[in-house]
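Have a look at the structure below before the remarks.
Residue numbers (my numbering): 17 to 309.
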């Protein structure tokens, strides 16, 4: 089973005619994703590449004509906030903005606008999500390394998501869904949101959680794991040698207080009952041990 998307999810792509949008849309289609529309202002009426997918000028028009419920967004960072709000206004259920470097001041009003709405945002600054058993990929992750199975993956880091999946697949451990939530300080879907979905999914047996320094998202996840989670969780926290005050990688990955330190996140997750993954090289073997393999 999968969470958030499946083979029937009707996906539109904002920025489908741009270089990144075009490249990754074709990879999603090759994987099996049900892409039903593209949106690029001024390109309405065209067909995308050599497909029968229509390009529309607005998201509202694309939703009205195709019934799309998921929006994959390849729009440059300065325009991304408006693109997210356009999808939300059109009633799209899930928006997945890939762009890196969206200013937090742009995302604050977006986050406020989405509060209480029917639109869930994944990211921004994320690789998207993939459900191998459903052959549905909404994002930029390499589809070939994924294997259908029963372990969920949720991560703030795109490349470490791929590393985790590569190790799991090499050990014969398939994935139910893999979700990148992004590392920006102002973002949408959280660890807790995804853990709750995996906890409710009868075809997910265990979860790999990959966190990093900065913020308190991992402590919030630990509280949920301790109080609600009925399935085993293996957790890796990266950035354990990062110096305080130095920005590392993601915009949100900066140690600004004791709670943001890797050791405090590890302690919270260990106290909650999660198995701690010692290093990025041990992701697969740790979850294998958790599963009793």
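Beta carbons are placed, not taken as given, at the ideal position from N, Cα and C, and that holds for glycine.
Taking residue 176 as reference, the option from 260, 219, 255, 288 with the minimal CA-CA separation is 255.
Taking a C-beta distance under 7 Å as the contact criterion, residue 224 and residue 258 do not qualify as a contact pair. Taking C-beta separations shorter than 7 Å and ignoring five residues to either side along the sequence, the partners of residue 38 in its chain run 32, 65, following chain order.
In terms of CA proximity to residue 228, 278 leads the group 108, 191, 307, 278.
Between residue 108 and residue 135, the C-beta gap is smaller than 7 Å, which places the two residues in contact. Beta-bridge pairing by DSSP links residue 30 to 55, 89. Under the three-pair Cβ rule at 8 Å, the stretch 117–135 does not count as touching the stretch 144–156. Using a Cβ distance threshold of 7 Å, residue 300 and residue 183 count as a contacting pair. Pairing residue 78 with residue 138 gives a Cβ-Cβ distance that is not under 7 Å. Secondary structure of residue 137 (DSSP, three-state): strand. The C-alpha of residue 25 lies about 16 Å from the C-alpha of residue 192.
Taken through DSSP and simplified to helix, strand or coil, residue 164 comes out as strand. Taking a 10 Å sphere around the C-beta of residue 41, we find 16 or more other C-beta atoms and assign the residue as buried. For residue 222, the uninterrupted beta strand (DSSP E) run begins and ends at 222–228, by DSSP.
Per DSSP, residue 146 is not a residue of any alpha helix (DSSP H); the beta strand (DSSP E) it occupies stretches across 144–147.
In the DSSP annotation of this structure, the continuous segment of the beta strand (DSSP E) that includes residue 191 starts and ends at 191–196.
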